[in-house]
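First the structure, in the form of structure tokens, and then the observations on it.
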Amino acid sequence: KQEVTQIPAALSVPEGENLVLNCSFTDSAIYNLQWFRQDPGKGLTSLLLIQSSQREQTSGRLNASLDKSSGRSTLYIAASQPGDSATYLCAVRPPSYNTDKLIFGTGTRLQVFP
Amino acid sequence: EPEVTQTPSHQVTQMGQEVILRCVPISNHLYFYWYRQILGQKVEFLVSFYNNEISEKSEIFDDQFSVERPDGSNFTLKIRSTKLEDSAMYFCASSDEGTGNYEQYFGPGTRLTVT
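Chain order of the listed sequences is U and F. Under my numbering, residue 114 is the last one in the first sequence; the count climbs by one each step, no gaps. Under my numbering, residue 1115 is the last one in the second sequence; the count climbs by one each step, no gaps.
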């Protein structure tokens, strides 16, 4: 059974720092991995999706990498800003012939202070 | 930019009552999903829906739950007889996999409180 874990659970940093958020999954057979941002009491905003055949994806100050064989993905946030404060979730999708559901991690709660 | 919308934003109901949560997926999307998040816990998959039928459902999605696409724009989740443990944030999502875009787009959620 696929399990997704995110470390650290919480992170507090000063503005301007470069950050790495980690996501681990137990079964390397995935179809894709998606990173989301969740603001308190709000919905999920999709940040990046990495297909299983890809190594990384970039969007602005965000870069997500995928190492399927080791069951890891990292989300790199460059030059963090207070507006980046939110909970970051990763979610994996098992191979498409089985399912199209997403299996979510526990999230990393990020606080960036001025 | 197109987005998934959900109504109501907050629903309070008494145990045993029926509730219907409504979603309007992105207009050209064909794949629809419901997830839920109990306070302080992970987001959990409930059900996926394609071509007017359920594609997959989780163990949570028992006989008390049902989904429907009553018209060309709405997608609903019905809970027949709510329990206290149904209190959670319910998220609707949609995707357009037919074009090769597998990204799932989520709505803002409906907070369901069962008293």
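Note that CB positions come from ideal geometry on N, CA and C, so glycine has one too.
Run of the beta strand (DSSP E) containing residue i, from where it starts to where it stops
i               : result
residue 14(U)   : 10–14
residue 1101(F) : 1101–1106
residue 1057(F) : 1053–1057
residue 92(U)   : 86–93
residue 1079(F) : 1075–1079
residue 24(U)   : 19–25
residue 49(U)   : 44–51
residue 38(U)   : 32–38
residue 1011(F) : 1010–1013
residue 1069(F) : Element bounds for residue 1069(F): n/a, residue is neither H nor E.
residue 1112(F) : 1110–1114
Per DSSP, cross-strand counterpart(s) of residue i
i               : result
residue 63(U)   : 58(U) and 76(U)
residue 1096(F) : 1101(F)
residue 1064(F) : According to DSSP, which records beta bridges pairwise, residue 1064(F) is partnered with nothing at all.
residue 109(U)  : 10(U) and 87(U)
residue 1036(F) : 1044(F) and 1090(F)
residue 1007(F) : 1022(F)
residue 5(U)    : 24(U)
Span separating the alpha-carbon of residue i from that of residue j
i               : j               : result
residue 22(U)   : residue 57(U)   : 15 Å
residue 1026(F) : residue 1070(F) : 16 Å
residue 48(U)   : residue 31(U)   : 14 Å
residue 35(U)   : residue 106(U)  : 12 Å
residue 1040(F) : residue 1058(F) : 20 Å
residue 14(U)   : residue 79(U)   : 10 Å
residue 113(U)  : residue 72(U)   : 28 Å
residue 1061(F) : residue 81(U)   : 40 Å
residue 1088(F) : residue 1037(F) : 6 Å
residue 1094(F) : residue 16(U)   : 35 Å
residue 1048(F) : residue 108(U)  : 26 Å
residue 1033(F) : residue 43(U)   : 14 Å
residue 1022(F) : residue 1053(F) : 17 Å
residue 1111(F) : residue 1007(F) : 10 Å
residue 6(U)    : residue 77(U)   : 15 Å
residue 1056(F) : residue 1050(F) : 9 Å
residue 1035(F) : residue 1077(F) : 10 Å
residue 1015(F) : residue 1065(F) : 15 Å
residue 1100(F) : residue 1109(F) : 26 Å
residue 111(U)  : residue 1(U)    : 32 Å
residue 40(U)   : residue 9(U)    : 15 Å
residue 1003(F) : residue 37(U)   : 15 Å
residue 1010(F) : residue 1084(F) : 15 Å
Given residue i as reference, the closest of the options once Cα atoms are compared
i               : options                               : result
residue 1115(F) : 1009(F), 1003(F), 1017(F) and 1006(F) : 1017(F)
residue 1079(F) : 1024(F), 1113(F) and 1039(F)          : 1113(F)
residue 87(U)   : 12(U), 2(U), 1(U) and 102(U)          : 12(U)
residue 45(U)   : 95(U), 66(U), 84(U) and 55(U)         : 84(U)
residue 66(U)   : 38(U), 108(U) and 28(U)               : 28(U)
residue 3(U)    : 99(U), 75(U) and 91(U)                : 91(U)
residue 52(U)   : 70(U), 61(U), 38(U) and 37(U)         : 70(U)
residue 1086(F) : 1012(F), 1006(F), 1004(F) and 1107(F) : 1012(F)
residue 1063(F) : 1050(F), 1052(F) and 1046(F)          : 1046(F)
residue 1075(F) : 1043(F), 1101(F), 1031(F) and 1104(F) : 1031(F)
residue 117(U)  : 39(U), 111(U), 64(U) and 60(U)        : Since the first residue shown for chain U is 1 and the last is 114, residue 117(U) is missing from the structure and cannot be characterised.
residue 1029(F) : 1020(F), 1044(F), 1067(F) and 1072(F) : 1072(F)
7 Å Cβ cutoff, residue i in contact with chain B
i              : result
residue 108(U) : The structure shown contains no chain B; its protein chains are U and F.
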